[in-house]
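Just below is one structure, and these are the notes that go with it.
There are 2 protein chains.
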Amino acid sequence: MYTINEVAEICDLSAHTLRFYDKEGLLPFISRSKSGKREFSERDLELVKLICCLKNTGMPIKEIKHYIDLFMEGDDTFETRKQLMIEHRKEVLRQMSELKKNLNIIDLKIAFYNANGNDMPS
Amino acid sequence: MYTINEVAEICDLSAHTLRFYDKEGLLPFISRSKSGKREFSERDLELVKLICCLKNTGMPIKEIKHYIDLFMEGDDTFETRKQLMIEHRKEVLRQMSELKKNLNIIDLKIAFYNANGNDMPS
DNA sequence: GCTTGACTTCGATATAACTCTAAGTAATAC
DNA sequence: GTATTACTTAGAGTTATATCGAAGTCAAGC
Numbered sequence: 002m003y004t005i006n007e008v009a010e011i012c013d014l015s016a017h018t019l020r021f022y023d024k025e026g027l028l029p030f031i032s033r034s035k036s037g038k039r040e041f042s043e044r045d046l047e048l049v050k051l052i053c054c055l056k057n058t059g060m061p062i063k064e065i066k067h068y069i070d071l072f073m074e075g076d077d078t079f080e081t082r083k084q085l086m087i088e089h090r091k092e093v094l095r096q097m098s099e100l101k102k103n104l105n106i107i108d109l110k111i112a113f114y115n116a117n118g119n120d121m122p123s
Numbered sequence: 002m003y004t005i006n007e008v009a010e011i012c013d014l015s016a017h018t019l020r021f022y023d024k025e026g027l028l029p030f031i032s033r034s035k036s037g038k039r040e041f042s043e044r045d046l047e048l049v050k051l052i053c054c055l056k057n058t059g060m061p062i063k064e065i066k067h068y069i070d071l072f073m074e075g076d077d078t079f080e081t082r083k084q085l086m087i088e089h090r091k092e093v094l095r096q097m098s099e100l101k102k103n104l105n106i107i108d109l110k111i112a113f114y115n116a117n118g119n120d121m122p123s
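Heads up: the sequence lines are chains A and B, in that order. Position 69 of the first sequence, counting from 1, maps to 70 under our numbering, and the rest follow consecutively. Position 22 of the second sequence, counting from 1, maps to 23 under our numbering, and the rest follow consecutively.
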C-alpha cells in the first residue's frame, strides 16, 4: 500500500493535486484505512498513472472522470471504454503529427540561422 | 497584403486573438494602412505562422514576445535568437518523447482490451 | 507525550490565454 | 447610401487546472 505522498512522489504530483483529483471524482476507487487515510494499492497506483497519461495527453479532467465512472460501473462498459481509448489514441497521434509539423518549421528556421540568415523568410 | 481576418482564417485564429497578440506586443512589425487598418505582408504572415508554431509547441506568450523583441532589434541579436530556437527545439523533442511514452501506455491498454480484459493491470 | 503525516472544509488566489462587450468612429465595397 | 469591415479603449468574464492557507481533528510511531 502507498500513502498519498508516496503516490504523489511517484507520479510527480502533489498530495494537494491528488486530493483535488479525488474531489473531482477521479479517484473513487481509493480505499481508506480505519483512521480515514487514503490507501493506494498497486492497482490503484497503475490507475493513477493512467490518469496522468490521459491528462498529459490533453484529456480534460471531466472526460477522465467519465472514463473512471465507466470503469467503476464494471464489465458492462468494457466496449465503451475500449472505444474511448481508441479515440483518444487517435487524438494523441494527431498531436504527434502536429508536433512533427512544428518541429519541421523550427528546423527550417534553425537551418536559416545556420546559413547565416541568407534568404531568411521571416 | 492580407487583412486581419484573412490572416486569422489562414492561421486558424480569430481577429480578436490577433489584436490581443498585438496588444501583448507580439506583432510590432505590422504596418497600417492610411486609414489605420492592419496590413500583413507575406513576410508578416510567415512571422505570424512562426508565432503560432511557437505557441502551439508550448512557448508562453511572454517568451514569444522576447523573441520578437530581439527580432526587432535587428542583426545584433542574431546569435541569441538562434540559440533560443535551438533551446526550444530541445523542448519540442522532449514533448515528442513524452507523447511517445504516453502513446505506449495507451497502446498497452488497448492491447489489454483486445485480449478481452485478461490480465488487465488496471 | 510529541512529532509527523494525513485528514477535513472552504475559500482565496494564481495563471494563461483568450473571449466578449460596449460604444463609438471611420473607411470600403456594392 | 447602406452594409460590411476594421478600428479604438477599457475592462469584465471564462475555462481549466491547479495551488495555497487556515484551522482544527486524529492516529501512529518513536
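Built from N, CA and C at the ideal position, the CB exists for glycine as well.
Query: Per-residue burial, residue 60 of chain A [other beta carbons within 10 Å of its own, 16 or more giving buried]; Result: buried
Query: Boundaries of the alpha helix (DSSP H) in which residue 2 of chain A is found, first to last residue; Result: That residue, residue 2 of chain A, is in no alpha helix (DSSP H); it is neither H nor E in DSSP.
Query: Min CB distance residue 66 of chain B to chain A below 8 Å; Result: no
Query: CB contact flag (residue 27 of chain B, residue 11 of chain B, <8 Å); Result: no
Query: Residue 1 of chain B and residue 39 of chain B closer than 8 Å at C-beta; Result: Limits of chain B in this structure are 2 at one end and 123 at the other, which puts residue 1 of chain B out of reach.
Query: Interface partners of residue 110 of chain B on chain A, CB under 8 Å; Result: 51, 86
Query: Where the alpha helix (DSSP H) through residue 60 of chain A begins and ends; Result: Residue 60 of chain A -> no alpha helix (DSSP H), and no H or E assigned at all.
Query: Residue 13 of chain A, buried or exposed, once every other Cβ within 10 Å from all chains shown has been counted against 16; Result: exposed
Query: DSSP three-state assignment for residue 99 of chain A, whether helix, strand or coil; Result: helix
Query: Cβ-based contacts, 8 Å cut-off: residues of the segment 91 to 104 of chain B near chain A; Result: 93, 94, 96, 97, 99, 100, 101, 103, 104
Query: Beta-bridge pairing of residue 32 of chain A - partner residues as DSSP gives them; Result: A:40
Query: Residue from A:106, A:96, A:55, A:102 with nearest C-alpha to residue 85 of chain A; Result: A:55
Query: Residue from B:48, B:47, B:58 with nearest C-alpha to residue 88 of chain B; Result: B:58
Query: Contact the segment 92 to 100 of chain A vs the segment 101 to 112 of chain B: 3+ CB pairs below 8 Å; Result: yes
Query: Among B:111, B:48, B:97, nearest to residue 73 of chain B - alpha-carbon criterion; Result: B:48
Query: Rounded straight-line distance, which links the Cα of residue 101 of chain B to that of residue 97 of chain A; Result: 8 Å
Query: Residue 111 of chain B vs residue 35 of chain A beta-carbon contact at 8 Å; Result: no
Query: Contacts around residue 19 of chain A, its chain only, beta-carbon distance under 6 Å, and the 5 residues preceding and following it disregarded; Result: 5, 9
Query: CA-to-CA distance, residue 63 of chain B to residue 41 of chain B, given in whole angstroms; Result: 22 Å
Query: Helix, strand or coil at residue 51 of chain A according to DSSP, with G and I counted as helix; Result: helix
Query: Under 9 Å from the C-beta of residue 11 of chain A: neighbouring residues of chain B; Result: Simply none; closest approach about 14 Å.
Query: Residue-level contact to chain B via CB, residue 22 of chain A, 8 Å cutoff; Result: no
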